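Chains as they are written, first to last, in the numbering used here: chain A, 15 to 318; chain B, 15 to 318; chain C, 15 to 318; chain D, 15 to 318.
Where is the CB? At the ideal position from N, CA and C, for every residue including glycine.
Since this is a predicted model, take the numbers as computed values, not measurements.
4 protein chains.
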Amino acid sequence: MKLQQILNEIYQELNPDFGQGKVANYIPALANINPNKFGMAVHSISGEKAFVGDVNENFSIQSISKVFTLALAMMECHEKVWERVGREPSGNRFNSLVQLENENGIPRNPLINAGAHVVTDLLSSKYENPKYEILQFIRKLAEKEEIFFDNDVAKSERETGNRNLAMGYFMKSFGNIHNQVRVVLDTYFHQCAIAMSCTDLAKAFLFLANDGIIPYSGEQIIEKLDSDRINALMLTCGMYDSVGDFAYRVGLPSKSGVGGGIVSIVPGELAICVWSPGLSENGNSYVGTKALELFVRKTGKGIF
Amino acid sequence: MKLQQILNEIYQELNPDFGQGKVANYIPALANINPNKFGMAVHSISGEKAFVGDVNENFSIQSISKVFTLALAMMECHEKVWERVGREPSGNRFNSLVQLENENGIPRNPLINAGAHVVTDLLSSKYENPKYEILQFIRKLAEKEEIFFDNDVAKSERETGNRNLAMGYFMKSFGNIHNQVRVVLDTYFHQCAIAMSCTDLAKAFLFLANDGIIPYSGEQIIEKLDSDRINALMLTCGMYDSVGDFAYRVGLPSKSGVGGGIVSIVPGELAICVWSPGLSENGNSYVGTKALELFVRKTGKGIF
Amino acid sequence: MKLQQILNEIYQELNPDFGQGKVANYIPALANINPNKFGMAVHSISGEKAFVGDVNENFSIQSISKVFTLALAMMECHEKVWERVGREPSGNRFNSLVQLENENGIPRNPLINAGAHVVTDLLSSKYENPKYEILQFIRKLAEKEEIFFDNDVAKSERETGNRNLAMGYFMKSFGNIHNQVRVVLDTYFHQCAIAMSCTDLAKAFLFLANDGIIPYSGEQIIEKLDSDRINALMLTCGMYDSVGDFAYRVGLPSKSGVGGGIVSIVPGELAICVWSPGLSENGNSYVGTKALELFVRKTGKGIF
Amino acid sequence: MKLQQILNEIYQELNPDFGQGKVANYIPALANINPNKFGMAVHSISGEKAFVGDVNENFSIQSISKVFTLALAMMECHEKVWERVGREPSGNRFNSLVQLENENGIPRNPLINAGAHVVTDLLSSKYENPKYEILQFIRKLAEKEEIFFDNDVAKSERETGNRNLAMGYFMKSFGNIHNQVRVVLDTYFHQCAIAMSCTDLAKAFLFLANDGIIPYSGEQIIEKLDSDRINALMLTCGMYDSVGDFAYRVGLPSKSGVGGGIVSIVPGELAICVWSPGLSENGNSYVGTKALELFVRKTGKGIF
């Protein structure tokens, strides 16, 4: 069966579920999203594409940005990344400070908030203008210049970002943030506030399905080994505190964001992005998770 | 390159490392093992086999037994397993009681000690003689009648098993152990004390590489979906508190034991067992982990 | 104003509150107590006595027994007690295992369950028959032979005591219980199940108001310094996880039990026992705490 | 024996210990203090005074300031204080964030850092210029205009205060800091940086030995009941994570600071301040604690 046909089926089957889950409401820019939105886009490394629903509508990528900054940091800093952040699942909420205290300011992995702060701090030490470099990196991956920060979202993030500030200052007290906390967090809030569509994201993540190479341009972004490793990290750490359940149900390296997006990789084959704003209690898109579960059942493309 | 040739190369390359790591010493039966032992066995679902080193020598399978009992429990109890145990990585040591307290006696997953107690308790409610049934199940998977409990090890486990007893009584205080704690733990200590060789284990795990079907006999042990799920659980929860690092380095669903064994699955292809008694600080075989890392690099058979 | 008159006033003022709080219901023997019971007894070192309410009715002393065993252990083992148990408030529930794990099996203080287990273990190493010795010690302090274990309560405690067993085995895994866990816990469950009345308890505690000397007999039970220290421990650790609030409201060294009893000391003057079975959320007698608060307000006998 | 004679004896006996302990070194202004300094001052409510050593030399009062701000907040906000902060010992390090997370941003008590932030936030909502009001309050208590902030210390505190900022933002994320975190912390860092001598502090604390009344002026600062309560809080929460040990050894309501000062109250009689910069591992003055222990042994003035 063709990918497009499978996506059509998923759309039909999930139609009754559209709007389920709870839209993130900690900032108005997220709270006001129409909960019935649903989009799913697939790009294969051989050039096959399939789309269904609101695939060209921009949404806030939020934590999905953590994979982009990690790839950039691995490109720039290689093994040094792991002197500053671990690579174990946290077994705790994504914004917990408890483990930071018990583990001397070293975050458990780069895909939870504290770990992403450290990654952004690494980039802040490398680049004059880290915000711009992150954006340019994503534009290159997605082959699209018209990707921007949503400044309203970034501003709201900063205004409600006290817990992120707490983490930043806490890690700084352990010496694990080298730049000014407010400056690092400003970059972090902006990377979370990047607006992209399902098609943009599926395309931008294709290098992780293709051993680190952008299939369109042939450019090697990161080593194959590092590409495998990022996929491993997504599988073990990418879905907040439900990585185990998600691996059990879906079984693909994935990263979700509170904007309702989830990106998944079928190594050697394709990248998927699904978007539906309603979240489960665990913070992952409710309908999005169901869509990916159906996709794996219908295609047999799970990695297990 | 043939699997046998790859195993030969690994053996050569790791030769200087043999004996590294720290042999588990909490019971004499483990402490007295020759640390220089090394064996690696591969069985493919198509019948290809490759062996190097001490592959026919029995060792204590310890926590590797948790996968057997989980498969048995999923076969017997299906979704009811998940009413009593979670499926998330713990982010804590394998024998921690902290999360049990915070999460009302529901262990994080079935591959840490507390979770394995619950699984054994489930089997204790199903079977008249759970010890015997577990042993028979493993004999069937390995196609070998001559697999036994090492009663000395079982006795030592019980004598040093105060922390396991603590967990058992703690969960019982939350109502999550239904049978007598001492009886459940006796079964648990025995399943840990089963003695098997690398060849036995590689063969016995082949059903997880083959959609739940024993390739020799064609018998469907568990559903394909459940087979995928056990692989997912091994990947996210199978390597104590270093699942993330192990996924990063090796990238195969795996389960290790303090006896120095590690079993890994290449879904759709093969099962591997490596044994080397010296452990890293994280409790996994030091040389064994290196061997699996080399195997994946040389064969490109990682799942990411 | 005379003590008797003050007790009469307290009885009048609290009359509308009798029956409030929630009677401990984890064992039938406690659950079936009439919640309207109330007694308050005061013994001074100069021989003055005052009583109101159900002061001669026996109730289960429960955790109040921890002070008796601590005094006995300090008498027998002196400073060695503190090699096995700390003397800091726990900041946690009385039956938490979290701190035990973080602090290597050394309980925070001898007035929480885990600490009392260690104290009973110390006595178990000293005495052939620790149960009998504990009972004899209390009989001497109360000058009364007719004090007994309530064997029904002891049996119920054992049957519902899985969490206590968990603690015991957990500490044993750290080497901090030297005798058999089941034997130590049997003594512990019995000491909790001693039945005494308000008058018995007020009399038995008088040595702590009198520099370690039983005023009736003149016998020096413990050094003055140790008597001061037990009072200090009661003040900082005696009221479960509400020691701060209790010190704030009442300001007397005190120990409560889930049977609804509270014993308080006015150093140099008197001992008080109040009993009312209904407990606050923090596990201390609701009306009993109010009675002591009134007593201190009316007499000005707080230590602050 | 006269108080002066007792202080002379203590000075002689402790002379060999002067310089022991470890001077706080997280800011230069504290690290450069001569570790051999020792002063001890006693003021009684009847006007008796006794002094020995460096009693007129200013040192940084640090956490001792938390008692002043608490008294001021109880004066201004009465019971509302307890809607925002608890009154239980923490059972954790003074600067832990773990409990804040588990208890939704409500600090355990007003004498640990997080609790003091909340108290300062309360005063920041009451006063136009809280820094000035706090200083004036202390000047009134000590009857001395020449008490000042040490601005170098305040500046250093701010520069090394990342962990305090982390706490502040963390509590703000729970809604338990109402003013701007940086502004509240600026006041907090200044109150810690107030420089006073042993004589100043002994005099300033006398109201807590005198039912809330400044004995010199007769002014009622706080109700007697609140004075008792602050003493209770000092006893259960005033000595970082060694309140139990300190109560056991000394048995007086006390508050220490990392500058090496400790203030103690003998209710109804006197206030004591001892200063010696070297700290024990628990953060309290090593020689200072010994001096207070000797004082209580020699005078029998412990509250137990």
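Whole-angstrom C-beta distance between valine 132 of chain A and valine 99 of chain A, which should lie under 8 Å: A Cβ-Cβ distance of about 5 Å is found for the pair valine 99 of chain A and valine 132 of chain A, placing them in contact under the 8 Å criterion.
Reduced DSSP category for alanine 87 of chain C - H, G, I as helix; E, B as strand; rest coil: In the three-state DSSP reduction, alanine 87 of chain C falls in the helix class (H, G or I).
Beta-carbon proximity check, glutamine 26 of chain B vs alanine 64 of chain B, cutoff 8 Å: No, the Cβ-Cβ distance between glutamine 26 of chain B and alanine 64 of chain B is not below 8 Å.
Lysine 5 of chain B, enclosing alpha helix (DSSP H) - first and last residue: Here chain B comprises residues numbered 15 to 318, so residue 5 of chain B is not present and cannot be evaluated.
Residue span of the alpha helix (DSSP H) that contains tryptophan 289 of chain B, given as start and end: Looking at the DSSP string, tryptophan 289 of chain B is not in any alpha helix (DSSP H); the run it does join, the beta strand (DSSP E), is 284–289.
Given arginine 196 of chain D as reference, the closest of D:Leu215, D:Arg172, D:Gly189 and D:Asn106 once Cα atoms are compared: For arginine 196 of chain D, the nearest C-alpha among the options comes from D:Arg172.
Beta carbon of isoleucine 161 of chain A nearer than 8 Å to that of isoleucine 208 of chain A: At the C-beta level, isoleucine 161 of chain A and isoleucine 208 of chain A come within 8 Å of one another.
Where glutamine 194 of chain D falls, given that 16 or more other Cβ within 10 Å makes a residue buried: With fewer than 16 Cβ atoms within 10 Å of its Cβ, glutamine 194 of chain D is classed as exposed.
9 Å Cβ cut-off: residues of chain B touching proline 229 of chain A: Near proline 229 of chain A there are no residues of chain B at all, since even the closest Cβ is about 17 Å away, more than 9 Å.
Per-residue DSSP class, three states only, for methionine 15 of chain D: Reduced to three states, the DSSP call for methionine 15 of chain D is coil.
Whole-Å CB distance - leucine 86 of chain A paired with leucine 137 of chain A, under 8 Å assumed: Between the beta-carbon of leucine 86 of chain A and that of leucine 137 of chain A there is about 6 Å, and that keeps the pair under the 8 Å contact cut.
Beta carbon of isoleucine 152 of chain B nearer than 8 Å to that of glycine 275 of chain B: If you check the CB distance, isoleucine 152 of chain B and glycine 275 of chain B do not come in under 8 Å.
Where proline 267 of chain C falls, given that 16 or more other Cβ within 10 Å makes a residue buried: Around the CB of proline 267 of chain C, 16 or more other CB atoms lie within 10 Å, so the residue is classed as buried.
The stretch 116–133 of chain B / the stretch 282–293 of chain B touching (three or more Cβ pairs under 8 Å): No, because fewer than three Cβ pairs between the stretch 116–133 of chain B and the stretch 282–293 of chain B fall closer than 8 Å, the two stretches do not touch.
Neighbouring residues, chain D, relative to alanine 285 of chain C (Cβ below 8 Å): The contact set of alanine 285 of chain C on chain D, defined by CB atoms closer than 8 Å, is empty, because the minimum CB distance reaches about 13 Å.
CB-CB length for leucine 125 of chain B against cysteine 251 of chain B, believed under 8 Å: Yes, leucine 125 of chain B and cysteine 251 of chain B are in contact; Cβ-Cβ is about 5 Å, under 8 Å.
Where glycine 302 of chain B sits in the DSSP three-state scheme: Glycine 302 of chain B falls in the helix class under three-state DSSP.
Glycine 271 of chain A in three-state terms, based on DSSP: Coil.
Inter-residue spacing [alpha-carbon to alpha-carbon] between glycine 10 of chain D and alanine 180 of chain D: With chain D represented from 15 up to 318, any question about residue 10 of chain D goes unanswered, as that position is not in the structure.
Where lysine 36 of chain D sits in the DSSP three-state scheme: Three-state DSSP puts lysine 36 of chain D in a strand.
In chain order, each alpha helix (DSSP H) run of at least 4 residues that lies wholly inside the stretch 53–82 of chain C: The DSSP assignment places no complete run of the alpha helix (DSSP H) inside the stretch 53–82 of chain C (cut-off: 4 residues).
C-alpha distance - aspartate 164 of chain C paired with serine 74 of chain C, whole-angstrom precision: Taking the straight line joining both Cα atoms gives about 8 Å.
Whole-number beta carbon distance between glutamine 205 of chain C and threonine 313 of chain C, since they are thought to touch under 8 Å: Actually they are not in contact, since the Cβ atoms of threonine 313 of chain C and glutamine 205 of chain C sit about 31 Å apart, beyond 8 Å.
Distance between aspartate 242 of chain B and glutamate 237 of chain A (C-alpha atoms, nearest Å): Straight-line Cα distance between these residues: approximately 28 Å.
Span separating the alpha-carbon of glutamine 234 of chain D from that of valine 56 of chain C: Looking at the two C-alpha atoms, the distance is approximately 33 Å.
Whether methionine 88 of chain D touches aspartate 225 of chain D by CB criterion (8 Å): Going by C-beta atoms, methionine 88 of chain D is not nearer than 8 Å to aspartate 225 of chain D.
Partner residues on chain D for aspartate 68 of chain C, Cβ-Cβ distance less than 7 Å: Simply none; closest approach about 30 Å.
7 Å Cβ shell around isoleucine 317 of chain B - same chain, five flanking residues per side excluded: Taken in chain order, the residues that qualify are Gly265, Leu266 and Pro281.
Given serine 294 of chain C as reference, the closest of C:Val112, C:Ala218, C:Ser256 and C:Lys315 once Cα atoms are compared: Nearest to serine 294 of chain C by C-alpha distance, out of C:Val112, C:Ala218, C:Ser256 and C:Lys315, is C:Ser256.
Short-range partners of chain B found in the stretch 169–181 of chain C, where Cβ spacing is below 7 Å: So the list reads Asn176, Arg177, Leu179 and Ala180, given in the order they occur along the chain.
Backbone CA spacing between phenylalanine 203 of chain B and glutamate 102 of chain C [nearest angstrom]: Here the C-alpha atom of phenylalanine 203 of chain B lies approximately 37 Å from the C-alpha atom of glutamate 102 of chain C.
Every unbroken beta strand (DSSP E) within the stretch 226–283 of chain D, with a cutoff of 3 residues, ordered by chain: Listed in chain order, they are 268–270 and 275–280.
DSSP bridge partner residues for alanine 209 of chain C (one or two, in chain order): Paired residue(s): C:Ser74 and C:Phe162.
Residue-chain proximity (valine 112 of chain C, chain B), Cβ-Cβ < 8 Å: Taking Cβ atoms only, chain B reaches closer than 8 Å to valine 112 of chain C, which makes this a yes.
Identified DSSP bridge partners for leucine 293 of chain B: Checking the DSSP bridge columns, you'll see leucine 293 of chain B partnered with B:Lys36 and B:Ser299.
Reduced DSSP category for arginine 122 of chain C - H, G, I as helix; E, B as strand; rest coil: It is coil, neither helix nor strand.
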